[in-house]
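Here the sequence shown stands for residues 17 to 192, numbered as in the working numbering. Below is one structure, written out as C-alpha coordinates; the observations come after it.
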Amino acid sequence: MADTAYEQLLASLVASGDVPGSVPTMEELLQQLGNTNPRMQLIANYLAQRQAEAKMDDNDLTLPDKDRLTNKTELRSSRRKRSMDHLRQMVENMYSELEALREINDTLAEALGACHLCWGGDSTCELCRGQGSPGFAAPDWELFTQFVSPAVHRLQKDRRVNDRLSNKTNSKPSVE
(Lines of atoms letter the chains of each structure in order from A and count residues from 1; the text may use other names and numbers.)
(Lines give C-alpha, C1' and ligand atoms only; values in the text may rest on other atoms or scores of the structure.)
Protein backbone atom coordinates (compact mmCIF):
# COMPACT_ATOMS: atom_id res chain seq x y z
CA MET A 1 0.00 0.00 0.00
CA ALA A 2 2.87 2.36 0.80
CA ASP A 3 4.38 1.65 -2.63
CA THR A 4 1.14 2.79 -4.25
CA ALA A 5 1.26 6.05 -2.29
CA TYR A 6 4.84 6.63 -3.39
CA GLU A 7 3.93 5.91 -7.01
CA GLN A 8 0.98 8.32 -6.87
CA LEU A 9 3.17 10.95 -5.30
CA LEU A 10 5.85 10.58 -7.97
CA ALA A 11 3.21 10.61 -10.72
CA SER A 12 1.76 13.88 -9.40
CA LEU A 13 5.24 15.42 -9.26
CA VAL A 14 5.97 14.41 -12.85
CA ALA A 15 2.54 15.59 -14.04
CA SER A 16 2.94 18.99 -12.40
CA GLY A 17 6.02 19.67 -14.51
CA ASP A 18 7.24 23.24 -14.48
CA VAL A 19 3.88 24.86 -13.75
CA PRO A 20 4.53 27.46 -11.03
CA GLY A 21 2.78 26.68 -7.74
CA SER A 22 1.81 23.19 -8.83
CA VAL A 23 4.71 21.42 -7.12
CA PRO A 24 3.72 20.41 -3.60
CA THR A 25 5.72 21.74 -0.69
CA MET A 26 7.89 19.48 1.44
CA GLU A 27 5.27 19.60 4.19
CA GLU A 28 2.55 18.49 1.77
CA LEU A 29 4.72 15.64 0.49
CA LEU A 30 5.51 14.43 3.99
CA GLN A 31 1.86 14.72 4.98
CA GLN A 32 0.80 12.59 2.00
CA LEU A 33 3.40 9.96 2.84
CA GLY A 34 2.44 10.15 6.51
CA ASN A 35 -1.16 9.29 5.68
CA THR A 36 -0.06 5.82 4.59
CA ASN A 37 3.05 5.27 6.68
CA PRO A 38 3.06 5.85 10.46
CA ARG A 39 6.84 6.24 10.52
CA MET A 40 6.69 8.97 7.93
CA GLN A 41 3.95 10.63 9.98
CA LEU A 42 6.33 10.76 12.95
CA ILE A 43 9.03 12.28 10.76
CA ALA A 44 6.55 14.78 9.32
CA ASN A 45 5.42 15.81 12.81
CA TYR A 46 9.02 16.19 13.96
CA LEU A 47 9.98 18.30 10.96
CA ALA A 48 6.87 20.46 11.33
CA GLN A 49 7.75 21.09 14.97
CA ARG A 50 11.33 21.97 14.05
CA GLN A 51 10.11 24.30 11.31
CA ALA A 52 7.74 26.05 13.73
CA GLU A 53 10.59 26.53 16.19
CA ALA A 54 12.81 27.88 13.40
CA LYS A 55 10.09 30.37 12.42
CA MET A 56 9.90 31.51 16.04
CA ASP A 57 13.68 31.96 16.02
CA ASP A 58 13.45 33.89 12.72
CA ASN A 59 10.75 36.11 14.20
CA ASP A 60 13.01 36.64 17.18
CA LEU A 61 15.70 38.11 14.93
CA THR A 62 13.52 41.15 14.35
CA LEU A 63 13.19 41.70 18.08
CA PRO A 64 15.68 43.49 20.27
CA ASP A 65 18.11 41.20 22.14
CA LYS A 66 16.25 41.61 25.43
CA ASP A 67 12.90 40.53 23.91
CA ARG A 68 14.55 37.65 22.05
CA LEU A 69 15.99 36.32 25.31
CA THR A 70 12.61 36.72 27.00
CA ASN A 71 10.88 34.67 24.26
CA LYS A 72 13.46 31.88 24.47
CA THR A 73 13.27 31.89 28.25
CA GLU A 74 9.48 31.69 28.11
CA LEU A 75 9.67 28.84 25.61
CA ARG A 76 12.12 26.91 27.80
CA SER A 77 10.02 27.64 30.86
CA SER A 78 6.89 26.40 29.10
CA ARG A 79 8.63 23.19 28.01
CA ARG A 80 10.01 22.66 31.50
CA LYS A 81 6.55 23.16 33.01
CA ARG A 82 5.00 20.63 30.59
CA SER A 83 7.75 18.15 31.42
CA MET A 84 7.28 18.66 35.14
CA ASP A 85 3.50 18.29 34.82
CA HIS A 86 4.01 15.06 32.88
CA LEU A 87 6.46 13.73 35.47
CA ARG A 88 4.17 14.75 38.32
CA GLN A 89 1.28 12.86 36.69
CA MET A 90 3.49 9.81 36.21
CA VAL A 91 4.52 9.89 39.87
CA GLU A 92 0.89 10.18 40.98
CA ASN A 93 -0.10 7.24 38.76
CA MET A 94 2.79 5.14 40.05
CA TYR A 95 1.95 5.99 43.65
CA SER A 96 -1.69 4.99 43.10
CA GLU A 97 -0.59 1.71 41.56
CA LEU A 98 1.84 1.09 44.43
CA GLU A 99 -0.92 1.66 46.97
CA ALA A 100 -3.21 -0.80 45.16
CA LEU A 101 -0.44 -3.41 44.95
CA ARG A 102 0.37 -2.99 48.64
CA GLU A 103 -3.26 -3.59 49.50
CA ILE A 104 -3.31 -6.78 47.41
CA ASN A 105 0.00 -7.90 48.96
CA ASP A 106 -1.25 -7.29 52.49
CA THR A 107 -4.49 -9.18 51.82
CA LEU A 108 -2.72 -12.18 50.31
CA ALA A 109 -0.12 -12.23 53.10
CA GLU A 110 -2.94 -12.25 55.64
CA ALA A 111 -4.71 -15.06 53.76
CA LEU A 112 -1.53 -17.17 53.90
CA GLY A 113 -0.35 -16.16 57.36
CA ALA A 114 2.79 -14.51 55.98
CA CYS A 115 4.63 -11.33 56.88
CA HIS A 116 3.22 -8.58 54.69
CA LEU A 117 6.53 -6.70 54.68
CA CYS A 118 9.04 -9.33 53.53
CA TRP A 119 7.27 -12.71 53.23
CA GLY A 120 10.12 -14.18 55.28
CA GLY A 121 12.84 -13.00 52.96
CA ASP A 122 14.49 -10.35 55.14
CA SER A 123 16.32 -11.35 58.31
CA THR A 124 16.36 -7.69 59.39
CA CYS A 125 12.57 -7.32 59.12
CA GLU A 126 11.29 -5.70 62.31
CA LEU A 127 8.04 -7.63 62.10
CA CYS A 128 9.20 -11.24 61.59
CA ARG A 129 13.02 -11.27 61.58
CA GLY A 130 12.96 -13.27 58.34
CA GLN A 131 10.65 -15.97 59.66
CA GLY A 132 7.46 -14.66 58.02
CA SER A 133 7.00 -17.07 55.13
CA PRO A 134 3.48 -18.42 54.52
CA GLY A 135 2.27 -20.26 57.62
CA PHE A 136 4.29 -18.06 59.97
CA ALA A 137 1.05 -16.90 61.53
CA ALA A 138 -2.41 -18.41 61.43
CA PRO A 139 -3.93 -17.76 57.99
CA ASP A 140 -7.12 -15.74 57.85
CA TRP A 141 -9.67 -18.46 57.10
CA GLU A 142 -12.10 -16.22 55.24
CA LEU A 143 -9.40 -14.71 53.01
CA PHE A 144 -7.80 -18.14 52.51
CA THR A 145 -11.14 -19.52 51.35
CA GLN A 146 -11.65 -16.53 49.06
CA PHE A 147 -8.22 -16.45 47.41
CA VAL A 148 -6.36 -19.72 47.90
CA SER A 149 -9.06 -22.39 47.83
CA PRO A 150 -10.14 -21.66 44.23
CA ALA A 151 -6.54 -22.01 43.06
CA VAL A 152 -6.11 -25.29 44.96
CA HIS A 153 -9.34 -26.66 43.48
CA ARG A 154 -8.15 -25.69 40.00
CA LEU A 155 -4.82 -27.43 40.52
CA GLN A 156 -6.56 -30.58 41.74
CA LYS A 157 -8.91 -30.55 38.75
CA ASP A 158 -6.03 -30.07 36.30
CA ARG A 159 -4.08 -32.88 37.97
CA ARG A 160 -7.05 -35.27 37.64
CA VAL A 161 -7.41 -34.39 33.95
CA ASN A 162 -3.68 -34.87 33.37
CA ASP A 163 -3.74 -38.19 35.23
CA ARG A 164 -6.62 -39.42 33.07
CA LEU A 165 -4.84 -38.36 29.91
CA SER A 166 -1.59 -40.04 30.91
CA ASN A 167 -3.46 -43.25 31.85
CA LYS A 168 -5.08 -43.32 28.40
CA THR A 169 -1.78 -42.87 26.58
CA ASN A 170 0.03 -45.40 28.79
CA SER A 171 -2.57 -48.13 28.44
CA LYS A 172 -1.87 -50.65 25.71
CA PRO A 173 -4.53 -51.41 23.17
CA SER A 174 -6.04 -54.83 23.53
CA VAL A 175 -5.25 -57.36 20.85
CA GLU A 176 -8.21 -59.40 19.68
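Even for Gly, the Cβ is constructed at its ideal location relative to N, Cα and C. Every value quoted in this text rests on a predicted model; they were computed, and no experiment measured them.
The alpha-carbon of GLN162 is positioned some 10 Å away from that of LEU124.
Our two residues, LYS173 and LEU128, have alpha carbons roughly 22 Å apart in a direct line. Within 10 angstroms of the beta-carbon of GLY148 lie 16 or more other beta-carbons, which makes it buried.
Excluding five sequence positions before and after ALA153, the CB atoms of its chain that fall closer than 6 Å to its own CB belong to GLY129, given in chain order. Residue ASP122 holds the alpha-carbon nearest to the alpha-carbon of PRO155 among ASP122, MET56, HIS169, SER182. DSSP, read as helix, strand or coil, puts THR140 in coil. The DSSP-derived three-state label of ASN61 is helix.
One thing to note: GLN48 has its Cβ no nearer than 7 Å to the Cβ of ALA60.
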